[in-house]
Amino acid sequence: MTKTPQELALLAESGRLLASVFAMLDRTPLIGISTFEINELVERFIVDNLAARPASKGQYGYGFVLNASVNDVVCHGIPSQSDVLRDGDIVNFDITLEKNGYIADSSKTYLVGAVHPAAKRLVRTTYDAMWAGIRAVRPGAQLGDIGFAIERHARCNGYSVVREYCGHGIGRQMHEEPQILHFGRPGTGLALREGMVFTIEPMLNRGRRTVKTEADGWTVVTRDGSLSAQFEHTVAVTASGVAVLTLRPDERAA
Numbered sequence: 136m137t138k139t140p141q142e143l144a145l146l147a148e149s150g151r152l153l154a155s156v157f158a159m160l161d162r163t164p165l166i167g168i169s170t171f172e173i174n175e176l177v178e179r180f181i182v183d184n185l186a187a188r189p190a191s192k193g194q195y196g197y198g199f200v201l202n203a204s205v206n207d208v209v210c211h212g213i214p215s216q217s218d219v220l221r222d223g224d225i226v227n228f229d230i231t232l233e234k235n236g237y238i239a240d241s242s243k244t245y246l247v248g249a250v251h252p253a254a255k256r257l258v259r260t261t262y263d264a265m266w267a268g269i270r271a272v273r274p275g276a277q278l279g280d281i282g283f284a285i286e287r288h289a290r291c292n293g294y295s296v297v298r299e300y301c302g303h304g305i306g307r308q309m310h311e312e313p314q315i316l317h318f319g320r321p322g323t324g325l326a327l328r329e330g331m332v333f334t335i336e337p338m339l340n341r342g343r344r345t346v347k348t349e350a351d352g353w354t355v356v357t358r359d360g361s362l363s364a365q366f367e368h369t370v371a372v373t374a375s376g377v378a379v380l381t382l383r384p385d386e387r388a389a
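In our numbering, each residue's number is its place in the sequence shown (first place is 1) plus 135.
As structure tokens, then:
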């Protein structure tokens, strides 16, 4: 469950490369482009520019390199040529990358054009909720501390936390133990140890937390049609606290 210093270095390199994928997307105009085109753009960038592998492609029979979840799609949105991003949309891109046998996983919700203030607030609160969870990570803390910090921030701002999907350990495999719930009670659950690596990836809804899976077997949407947002980072427990392995250039500057 814990990683060696050598493994952590390889995971950090995968995380650094994945952060550069989001930096590329940050420079990409999104209005009028289809989520399928974004998928193709990301695949070319990972393979040709980074000499890495899109880890999601082929995983569990999935045929694409990313999930593109627009507006009321909570997660696992399938890229489509007909799904063209419009002014006012919010869209989450969830991307994985494998380099030298180790996988990093991250996601970011983008504001497309002129987004309604209520949608902006949801996106910002989701981002802050992820960071509330990250700040709870340190040796000796417990998994319930992470979930509690996330859910408390969401509830204080009037949002609900999706419970059906969670973060996860990561390394040579995309999904390893432990599971990282985004709700919980402080002082409960597995104690964190230096060298553990996992994702924190809360999904917050404007409305109720209940979700449903569409007929394609992948796309998860809010049951009440409300907006949903998500952010995700891969983190490592360090001797003094936490290292965010997928930290993006804009976040480093901040």
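All C-beta atoms in this analysis are idealised placements derived from N, C-alpha and C, irrespective of residue type, glycine included.
DSSP three-state assignment for residue i, whether helix, strand or coil
{"i": "GLU286", "result": "helix"}
{"i": "MET159", "result": "helix"}
{"i": "GLU349", "result": "coil"}
{"i": "TYR197", "result": "coil"}
{"i": "GLU311", "result": "strand"}
{"i": "LEU220", "result": "coil"}
{"i": "VAL377", "result": "strand"}
{"i": "LEU339", "result": "strand"}
{"i": "ALA144", "result": "helix"}
{"i": "CYS392", "result": "Since the first residue shown for the chain is 136 and the last is 389, residue 392 is missing from the structure and cannot be characterised."}
Element boundaries [alpha helix (DSSP H), containing residue i]
{"i": "TYR262", "result": "252-270"}
{"i": "VAL177", "result": "170-179"}
Span separating the alpha-carbon of residue i from that of residue j
{"i": "GLN277", "j": "LEU327", "result": "6 Å"}
{"i": "LEU382", "j": "TRP353", "result": "27 Å"}
{"i": "MET195", "j": "ASN206", "result": "Reading the sequence as shown, one finds Tyr at residue 195 and not Met. The alpha-carbon atoms of TYR195 and ASN206 are separated by roughly 25 Å."}
{"i": "GLY100", "j": "GLN141", "result": "For residue 100 there is no data in the structure shown, the boundaries of the chain being 136 and 389."}
{"i": "VAL370", "j": "ARG320", "result": "21 Å"}
{"i": "ARG358", "j": "ARG298", "result": "13 Å"}
{"i": "PRO313", "j": "PRO337", "result": "16 Å"}
{"i": "GLU172", "j": "ASP224", "result": "16 Å"}
{"i": "ALA271", "j": "PRO164", "result": "35 Å"}
{"i": "ARG273", "j": "GLU286", "result": "18 Å"}
{"i": "TYR294", "j": "TYR262", "result": "13 Å"}
{"i": "LEU160", "j": "ILE168", "result": "12 Å"}
{"i": "MET136", "j": "GLY302", "result": "15 Å"}
{"i": "VAL372", "j": "ILE269", "result": "10 Å"}
{"i": "ALA378", "j": "GLU367", "result": "14 Å"}
{"i": "LEU152", "j": "ARG344", "result": "33 Å"}
{"i": "GLY193", "j": "PRO252", "result": "37 Å"}
{"i": "GLU349", "j": "TRP266", "result": "30 Å"}
{"i": "ASP351", "j": "ALA154", "result": "30 Å"}
{"i": "ARG307", "j": "ILE181", "result": "18 Å"}
Own chain, CB closer than 7 Å to residue i, minus 5 neighbours either side, in chain order
{"i": "GLY150", "result": "ALA239, THR369, LEU380, THR381"}
{"i": "LEU246", "result": "ILE225, LYS255, VAL258"}
6 Å CB neighbourhood of residue i in its chain, flanking five on each side removed
{"i": "LEU145", "result": "ASN235, TYR237"}
{"i": "ASN202", "result": "HIS211, GLY212, ASP229"}
{"i": "GLY304", "result": "GLU311, GLU312, PRO313, PHE333"}
Extent of the continuous beta strand (DSSP E) run through residue i
{"i": "GLU386", "result": "Careful: GLU386 lies outside any beta strand (DSSP E), inside the alpha helix (DSSP H) at 384-388."}
{"i": "MET136", "result": "Per DSSP, MET136 belongs to no beta strand (DSSP E) and is neither H nor E."}
{"i": "GLU329", "result": "Unbroken run through GLU329: none, as it is neither H nor E."}
{"i": "PHE228", "result": "225-234"}
{"i": "LYS243", "result": "237-246"}
{"i": "HIS368", "result": "368-372"}
{"i": "GLN365", "result": "363-365"}
8 Å Cβ shell around residue i - same chain, five flanking residues per side excluded
{"i": "GLY360", "result": "ASP207, GLY342"}
{"i": "GLY275", "result": "ALA326, LEU327"}
Cβ of residue i within 8 Å of any chain B Cβ
{"i": "GLN314", "result": "No chain B appears in the structure shown, which is made up of a single protein chain."}
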